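Residue numbers (the numbering used here): 296 to 480.
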């Protein structure tokens with residue numbers, strides 16, 4: 296449970312930016328459907344008891360219908376995960392997401408079941424993913440990457456890049472996420 300608390304504290308810090316008043320942050324997060332969902336997902340992910348894990352899985356499935364979030368309990372998500380807007384988000388269970396990642400509404404992080412890119416995405420640290428973006432297939436998104444809204448990514452993206460358009464075009468930028476990712480851990 297120690298790891299669970301550590302991850303929740305970093306998520307709350309990313310959302311509210313205050314390390315001191317943790318109780319108030321937890322109270323505020325109870326009114327945010329996305330924060331409640333992520334707290335539940337984190338509990339399910341870090342739970343060691345297999346019976347409790349089944350209960351958390353069922354609770355998550357019911358919560359999916361309320362929040363329109365589909366982030367399975369076994370999705371590996373790093374510290375400081377932040378969902379910017381309430382709305383439909385779908386993440387594949389085998390996707391790997393790094394630390395300090397921002398996701399906006401309408402994002403799909405999915406798998407491809409055939410072809411040379413068969414698999415799931417691996418997303419690095421300090422990545423900002425804009426609204427209605429789609430990341431699919433066995434691709435690696437580097438660190439410090441900004442994926443603009445309405446962008447389709449089915450290719451590897453190097454560190455320090457901005458991806459724009461559909462099909463996506465990569466632009467190198469040393470400060471790609473500067474000003475986009477706040478309250479870094």
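No residue lacks a Cβ here, since even glycine has one placed at the ideal position from N, Cα and C.
A quick note: this is a predicted structure, and the numbers were derived from the prediction, not measured.
Whole-number beta carbon distance between residue 386 and residue 407, since they are thought to touch under 8 Å:
The pair is not a contact, with the Cβ atoms about 15 Å apart (cut-off 8 Å).
Within the segment 400-426, note down every full alpha helix (DSSP H) run reaching 4 residues or more, in order along the chain.
none
Assigned secondary structure, residue 303 (DSSP; H/G/I helix, E/B strand, else coil) = helix
Who are the Cβ neighbours of residue 474 in its own chain at under 7 Å, not counting the five residues just before and after it? none
Can you check which of these residues, 424, 369 and 466, is closest to residue 399 by C-alpha distance? 424
Check: In terms of residue numbering, what span does the beta strand (DSSP E) encompassing residue 346 cover?
Finding: Residue 346 -> not in any beta strand (DSSP E); alpha helix (DSSP H) instead, spanning 345-362.
Could you please give the first and the last residue of the uninterrupted beta strand (DSSP E) stretch that includes residue 467?
-> 464-467
Next item on the list: Go ahead and label residue 364 buried or exposed: buried means 16 or more other beta carbons lie within 10 angstroms of its beta carbon, across all protein chains shown.
Entry: buried
Exercise for review: Inspect the beta-carbon positions of residue 476 and residue 448 and report whether they are closer than 8 Å.
Suggested key: no
Self-check item: For residue 311, the three-state DSSP class (helix, strand or coil)
Solution: helix
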